[in-house]
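Notes follow the structure.
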Amino acid sequence: MSITCCARKKNTAPLDTVPAVDLSQYTGRWFEIARYPHRFEKGCSAVTADYNMKADGTIEVLNQCRLEEDGNRIKKAHGTAKVVDTQSNAKLKVSFFWPFYGDYWILKLDTDYKYVIVGTPSREYVWILSRTPMISEQLLEELIKDIRSFGYDTDRLIMTKQP
1 MSITCCARKK NTAPLDTVPA VDLSQYTGRW FEIARYPHRF EKGCSAVTAD YNMKADGTIE
61 VLNQCRLEED GNRIKKAHGT AKVVDTQSNA KLKVSFFWPF YGDYWILKLD TDYKYVIVGT
121 PSREYVWILS RTPMISEQLL EELIKDIRSF GYDTDRLIMT KQP
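1 is the number of the first residue of the sequence shown in UniProt numbering; add one for each residue after it.
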């Protein structure tokens, strides 16, 4: 038996972003609704992301979460995002540890900027974010269907506990 028979096939089909993002509308606070599991949010609940435009065109990023297993201690991560596709503003690179940057692609965005799906072209990471800590079940189901249509394995999604 070949080793490759058991390897999970990665989806390498091109991933499209939204056609345009108004960064002034996009900035502000977002609440994490769901995500793929990853080490930098292990044990996190009440996850938020705050984005603030800086004069130099970059975006200041502050991610916060509550670590329930550590007495509800607040964990913070400060970073910087920069636009890499100025035609759409939908492809960014984010760094929390300079000089390392990761992809941040806006895959779906509500016309009123109430919710967003953010992912990476490798499909290693995906997030559902909202301007409110909770969204309706109907909207959540719609966004999960969208994530599946983008080639992500929705069985890996973790729902984020919000207060």
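Cβ atoms here follow ideal geometry from the backbone N, Cα and C, with glycine treated the same way.
- TRP98 counts as exposed, since fewer than 16 other beta carbons sit within 10 angstroms of its beta carbon.
- Nearest neighbour of PRO121 by Cα position, chosen from VAL94, ASP103 and LEU67, turns out to be ASP103.
- Membership of GLU32 in the beta strand (DSSP E) is indicated by the continuous run 28-35.
- In the three-state reduction of the DSSP assignment, ILE135 falls in the coil class, being assigned neither a helical nor a strand state.
- Around the CB of GLU32, 16 or more other CB atoms lie within 10 Å, so the residue is classed as buried.
- The Cβ atoms of TRP30 and LEU157 lie no closer than 8 Å to each other.
- Distances from the CA of PHE100 to each of ASP22, PRO19, THR80 and THR17 were compared; the closest alpha carbon is that of THR80.
- With respect to the 8 Å criterion, ILE106 and VAL94 are not classified as neighbours on the basis of their beta carbons.
- Closest in alpha carbon position to LYS82, among LEU67, ASP16 and GLU60, is GLU60.
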